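Enquirer: Sharing a structure with you now.
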Amino acid sequence: MATLIDELASAIAELEDEKVLELVTTRLDSGIAPLAIVDNLQQGMTEVGMRFESGDYFLSELVMCGEIMKDAMAVLEPHLAGADQQHRGSIVIGTVKGDVHDLGKNIVVMLLKGAGYNVIDLGIDVPAEKFIEALKESQAPLVGMSVLLTACQEGMKEIIEEIRAAGLKVAVIIGGNYVDEAVKNYVKADYFAHNASDAVKIADEIFTTARGSAHSA
Amino acid sequence: MTKNPEELYQERLKRVEDAIALRVPDRVPIVTFFSYFAARYAGITYEEYTYDAEKMLSAAIKVHEDFEPDMADIPGIYYLGPTLDALGFKQLRWPGRGVGPNKPYQFVEGEYMKAEEYDHFIEDPTDWIIRKYYPRICSEFEPFSQMAPFKFSFTYFNMGSLAPFGTPALQKAVDALKKAGEASMDALTYIMKFGQEMAKRGFPISLGGLTQAPYDTLGDYFRGTKGIMLDIYRRPEKLLRALDKLTPWMIELGVTSGKQSGNPFIFIPLHKGSDQFMNQDQFKTFYWPSLRKVMMGLIDAGMTPVVFVEADHTSRLEIMSDVPPGKVVYHLENTDIFKAKEILGDKVCLKGNVPMPILCLGTPDDVKAYCKKLIDVVGKNGGFIMDTSVSLEDAKIENARAMFDFTKDYGVYR
Ligand code: B12
């Protein structure tokens, strides 16, 4: 387990919710840029994601961390409006229709945000139309889908078909507890990842190549 | 020499009882959940199994006649369609209603109890269930939110509190309650018929009732997975008080159902305390103590907890060994059953755990190889019941056949 130097990053990693809110408020009051504060929060969340993957943290810690982040963002958001959001690109993500599992997807979202992406999280039980709408609106070059119920795999395949049929040239990455190469091939996705850190690596790859071809998502 | 049904019944019951008491039976007993396998095997849809009582009954009988387990799997949690329809039940999607006609039912999670409602829940859970919870989970019971608490209507001068029942909305809700009651009565009749048909064929019923770990009841149905995890951090005292409230209630539920059915095997499925869900301190504080009390309460009343240890609980095994020997069954899903035999072998009868991937995708030889290992290692000196890791639902028929035949043949203690 890494220890974090920044007090705020460390407070979120240790799940000290009151301290997090206190630090966010005092830092805002002392004139620190809201985006810098978000950065520290995300460092902390990335650490939580890693601790989960290494078995030091459990689902309860993960859920609590997500909630602390939500509360902190509620304080920060009014100050962020207008701030020039620097990010490495947009990614649309959601749990596919019929499936409501989102704990795993949320870690992926956390780590992607921590890595500097603008993540548009569509939540759970997401139908094709919602994916397509968000992809059109954001011009994101990458869409992530989470599936844990094998019964929803067929639906995922159809969503991917519909996205392609709508003429969207996006890369599709899928994940979920049982997802592997065979599932990826079956649903005709481009990538899959077993865990959130691999998801970030793949996104980095895609966005590095995409930048070469002048993507401005 | 063929045995008559009564002899078969006693022989099978003794086989299972011996295993539970950690004695060596004549052979390894085999008891599984057939679940929707029964429908598929009989060539009917899951939807028919959920809605058509006659078809359900004959499918459930057939699968037992053909596979001859040591105890019968009661189809009560599948034949629910008419009752759920009458309620406008929203907490489940079931075959033909929200999921396809051949898909298993799914639970619809939600925060059906708000964090602010802990006090109401702890103070008067029945009132909370009637006026807050039912309206949220049954569309037909939405008007229950307009009732006055029944505790107000205790004598002549406050009969006015019954007035809301004079409104069309509540009258419609009461009609729905009546219909749900009829549907439920009808279902019960068929379940009793199933029991009689099984007895005629020499099969005892595997379960006589169901209850839950207090943490799971609160987390599954009321607060939701996320809600209860946040409560661990944000309102631990309320959470503990609610668990205290639920503990005698969960004991009463199990004991009452066991007494009514005359069958002491009480099912307890575990959901939210597995290895991934919480850390060990949280397990020791919020999950295990109340679960243990429920098990002890059942045992004190002469019941046998049959605990379905879902997902992986390998890291909890030491803690979970704190139960009286020979009184409890642990049915393991993905917990390391071989390690469990080492840790719990002299305490708890183990049940399980032929993995679903082998049953669904493997060959009969794969199944036999796994069963052999189970019988050799976990079955050593008794205290073991053969079962799948979850249910036979999606198993290939030839693999199910291999599991039964092999166990009955190779599982004989010599
Ligand atoms: C927690 C849980 C639930 C919770 C979900 C709470 C929530 N808000 O998410 C609740 C209780 C609601 C639930 C409900 C059900 N569940 Co459930 N559930 C689980 C459980 C125990 C853990 C899942 C989890 O969160 N894991 C932790 C996370 C961190 O891991 P993960 O999801 O795999 O995510 C990681 C990777 O897969 C990857 N990843 C995930 N998503 C993505 C996306 C992308 C783009 C990428 C790149 C990577 C990626 O990165 C993540 C981080 O490393 C699993 C069993 C298991 N051990 O997997 C069953 C399980 C998934 N559930 C199952 C079932 C059957 C159900 C129900 C149908 C049960 C029922 N009969 O009602 C319902 C279905 C509800 C629905 N319609 O979806 C089955 C699925 C079986 C199958 N093959 O279809 C499982 C496998 C349990 C089992 N053994 O039977 N469940």
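So the protein sequences, as listed, match chains L and A.
The opening position of the first sequence corresponds to residue 40 in our numbering, with each subsequent residue numbered one higher.
The opening position of the second sequence corresponds to residue 338 in our numbering, with each subsequent residue numbered one higher.
Note that the Cβ used here is the ideal one computed from N, Cα and C, for glycine as well.
Here the structure is a predicted model, which means the values were calculated and not measured.
#1: How is R468(A) classed by DSSP in three states: helix, strand or coil?
#2: Any idea if D746(A) is buried or exposed, counting beta-carbon neighbours within 10 angstroms, 16 or more meaning buried?
#3: Output the residue ranges of the alpha helix (DSSP H) runs that lie fully inside the stretch 388–476 of chain A and measure 4 residues or longer, sorted by chain position.
#4: Taking M183(L) and G214(L) to be in contact with their CB atoms under 8 angstroms, please state how far apart those CB atoms are, rounded to whole angstroms.
#5: What residue range does the beta strand (DSSP E) around H668(A) cover?
#6: Pull up the distance between the alpha-carbon of H254(L) and that of N157(L), whole angstroms please.
#7: Candidates T526(A), T641(A), E735(A), D731(A): which alpha carbon is nearest N439(A)'s?
#8: What I want to know is whether the C-beta of Q443(A) ends up closer than 8 angstroms to one or more non-hydrogen atoms of ligand 1.
#9: How many angstroms separate the CA atom of D461(A) from the CA atom of P486(A)?
#10: Is G610(A) near F620(A), with beta carbons less than 9 angstroms apart?
#11: Check the DSSP bridge columns for D724(A) and list the partner residues they point to.
#12: Less than 8 angstroms between the CB atoms is what I'm expecting for L67(L) and H126(L), so what's the real figure, rounded?
#13: Which two residues bound the contiguous alpha helix (DSSP H) that contains F604(A)?
#14: Of all the CB atoms in chain A, is at least one closer than 9 angstroms to the CB of T137(L)?
#15: If you draw a straight line from the alpha carbon of I104(L) to that of I565(A), how long is it in whole angstroms?
#16: For a contact defined as C-beta to C-beta under 8 angstroms, what are the partners of M450(A) on chain L?
#17: Skipping 5 residues on each side, what residues in its chain have a beta carbon closer than 7 angstroms to that of A173(L)?
#18: Check whether the Cβ atoms of A550(A) and H608(A) sit closer than 9 angstroms, and answer yes or no.
#19: Give me whichever residues DSSP pairs with G183(L) in a beta bridge.
#20: Just mark Q533(A) as buried or exposed, buried being the case when its beta carbon has 16 or more other beta carbons within 10 Å.
#21: How long is the line joining the alpha carbons of F531(A) and I542(A), rounded to whole angstroms?
#22: In the stretch 568–589 of chain A, which residues sit with their C-beta less than 7 angstroms from some C-beta in chain L, listed in chain order?
#23: Please state if the CB of G595(A) and the CB of G764(A) are separated by a distance shorter than 9 angstroms.
#24: May I ask whether a heavy atom of ligand 1 can be found less than 8 angstroms away from the beta carbon of T339(A)?
#25: Just reading off the alpha helix (DSSP H) that T65(L) is part of, what are its end residues?
#26: Please report how far the alpha carbon of K563(A) lies from the alpha carbon of L711(A), in whole angstroms.
#27: Please list the partners that F559(A) has in chain L, where partner means a Cβ-to-Cβ separation under 9 angstroms.
#28: Any idea which residues DSSP pairs Y230(L) with across the strands?
#29: Assign S252(L) to buried or exposed, taking buried as 16 or more other Cβ atoms, counted over all protein chains shown, within 10 Å of its Cβ.
#30: Would a check of beta-carbon distances place M103(L) closer than 9 angstroms to chain A?
#31: Once DSSP output is grouped into helix, strand and coil, what is the label at V368(A)?
#32: Out of curiosity, what's the CA-to-CA distance linking P366(A) and V715(A)?
#33: Per DSSP, what are the beta-bridge partners of T641(A) in this structure?
#34: Hey, does F246(L) have any beta-carbon neighbour from chain A nearer than 9 angstroms?
#35: Please list the terminal residues of the continuous alpha helix (DSSP H) segment that includes N718(A).
#36: Which residues in chain L have a C-beta closer than 8 angstroms to the C-beta of E446(A)? List them in chain order.
Expert: Taking the coordinates as given:
#1: One-based indexing of the second sequence puts residue 468(A) at position 131. DSSP places R468(A) in helix when its eight states are reduced to three.
#2: In the second sequence, counting from the first residue as 1, residue 746(A) sits at position 409. Looking at its Cβ environment, which holds fewer than 16 other Cβ atoms inside 10 Å, D746(A) is exposed.
#3: 390–404, 418–424, 455–460, 462–465, 471–474
#4: On the first sequence, position 144 is the one that residue 183(L) refers to. On the first sequence, position 175 is the one that residue 214(L) refers to. Reading off the sequence, residue 183(L) comes out as Gly, not Met. That belief holds up - the Cβ atoms of G183(L) and G214(L) are roughly 7 angstroms apart, short of 8 angstroms.
#5: Here the question's residue 668(A) lines up with position 331 in the second sequence. Start and end: 666–669.
#6: By one-based count along the first sequence, residue 254(L) stands at place 215. By one-based count along the first sequence, residue 157(L) stands at place 118. Because the pLDDT of H254(L) is 42, which lies under 50, any placement of that residue in the model is unreliable, and the number read from its coordinates should be weighed accordingly. So the alpha carbons of these two residues sit roughly 14 angstroms apart.
#7: Along the second sequence, one-based indexing puts residue 439(A) at 102. It is D731(A) whose Cα lies nearest to the Cα of N439(A).
#8: On the second sequence, position 106 is the one that residue 443(A) refers to. Within the cutoff, so yes.
#9: Sequence index remark: in the second sequence, residue 461(A) carries index 124 (1-based). Sequence index remark: in the second sequence, residue 486(A) carries index 149 (1-based). Roughly 10 angstroms between the two C-alpha positions.
#10: Here residue 610(A) corresponds to residue number 273 of the second sequence, with the count starting at 1. Here residue 620(A) corresponds to residue number 283 of the second sequence, with the count starting at 1. Yes.
#11: Within the second sequence, numbered from 1, the residue matching residue 724(A) stands at position 387. Looking at the DSSP assignment, D724(A) forms a beta bridge with N690(A).
#12: As a working mapping, residue 67(L) is identified with position 28 in the first sequence. As a working mapping, residue 126(L) is identified with position 87 in the first sequence. That pair is no contact at about 21 angstroms.
#13: On the second sequence, position 267 is the one that residue 604(A) refers to. F604(A) -> not in any alpha helix (DSSP H); beta strand (DSSP E) instead, spanning 602–607.
#14: Within the first sequence, the letter at position 98 stands for residue 137(L). Note that residue 137(L) is Gly in the sequence shown here, rather than Thr. Interface residue, yes.
#15: For the purposes of this step, residue 104(L) is taken as residue 65 along the first sequence, with counting starting at 1. For the purposes of this step, residue 565(A) is taken as residue 228 along the second sequence, with counting starting at 1. One detail in the question is off: residue 104(L) reads as Cys in this sequence, not Ile. Taking the straight line joining both Cα atoms gives about 14 angstroms.
#16: Start at 1 with the first residue of the second sequence, and residue 450(A) comes out as number 113. Residues of chain L passing the Cβ test: none, with the nearest at roughly 17 angstroms.
#17: For the purposes of this step, residue 173(L) is taken as the residue at position 134 of the first sequence. V131, I159, L161, listed in sequence order.
#18: Within the second sequence, numbered from 1, the residue matching residue 550(A) stands at position 213. Within the second sequence, numbered from 1, the residue matching residue 608(A) stands at position 271. Contact check for A550(A) against H608(A) passes: the beta carbons are separated by less than 9 angstroms.
#19: Along the first sequence, read from residue 1 onward, the residue named residue 183(L) stands at position 144. The partner list for G183(L) (beta bridge, DSSP) reads I132(L), I212(L).
#20: Locating residue 533(A) in the second sequence gives position 196, where the first residue counts as 1. Taking all protein chains shown into account, Q533(A) has fewer than 16 neighbouring C-beta atoms within 10 Å of its C-beta and is therefore exposed.
#21: Taking the second sequence and counting its residues from 1, the one referred to as residue 531(A) is at position 194. Taking the second sequence and counting its residues from 1, the one referred to as residue 542(A) is at position 205. Whole-angstrom Cα-Cα distance: 9 angstroms.
#22: I569, Y570
#23: Because chain A spans 338 through 751 in this model, residue 764(A) falls outside it and cannot be assessed.
#24: Taking the second sequence and counting its residues from 1, one reaches residue 339(A) at position 2. The answer is no for T339(A).
#25: Position 26 of the first sequence, counted from the first residue, corresponds to residue 65(L). From DSSP, the alpha helix (DSSP H) with T65(L) extends over 56–68.
#26: The sequence position of residue 563(A) within the second sequence is 226, counting from 1. The sequence position of residue 711(A) within the second sequence is 374, counting from 1. The straight-line gap from Cα to Cα measures roughly 36 angstroms.
#27: Reading the second sequence from its first residue, position 222 is the one you call residue 559(A). Under the 9 angstroms cutoff, chain L gives no residues; its nearest Cβ is about 16 angstroms from F559(A).
#28: As a first step, residue 230(L) must be located in the first sequence, where it is residue number 191. Paired residues: I212(L).
#29: The residue given as residue 252(L) occupies position 213 in the first sequence. For S252(L), the predicted structure reports a pLDDT of 49, less than 50, and the residue's modelled location is therefore unreliable. The matter cannot be settled from this model.
#30: Mapped onto the first sequence, residue 103(L) falls at position 64. At least one chain A Cβ lies under 9 angstroms of M103(L).
#31: Taking the first residue of the second sequence as position 1, residue 368(A) is located at position 31. Of the three classes helix, strand and coil, the one that applies to V368(A) here is coil, per DSSP.
#32: Walking along the second sequence from the start, residue 366(A) turns up at place 29. Walking along the second sequence from the start, residue 715(A) turns up at place 378. Rounded to whole angstroms, P366(A) to V715(A) spans 13 angstroms at the Cα level.
#33: By one-based count along the second sequence, residue 641(A) stands at place 304. According to DSSP, which records beta bridges pairwise, T641(A) is partnered with F602(A).
#34: As a working mapping, residue 246(L) is identified with position 207 in the first sequence. Cβ-Cβ to chain A under 9 angstroms: no for F246(L).
#35: Indexing the second sequence from 1 puts residue 718(A) at position 381. Looking at the DSSP string, N718(A) is not in any alpha helix (DSSP H), and its letter there is neither H nor E.
#36: Here residue 446(A) corresponds to residue number 109 of the second sequence, with the count starting at 1. Residues of chain L passing the Cβ test: V139.
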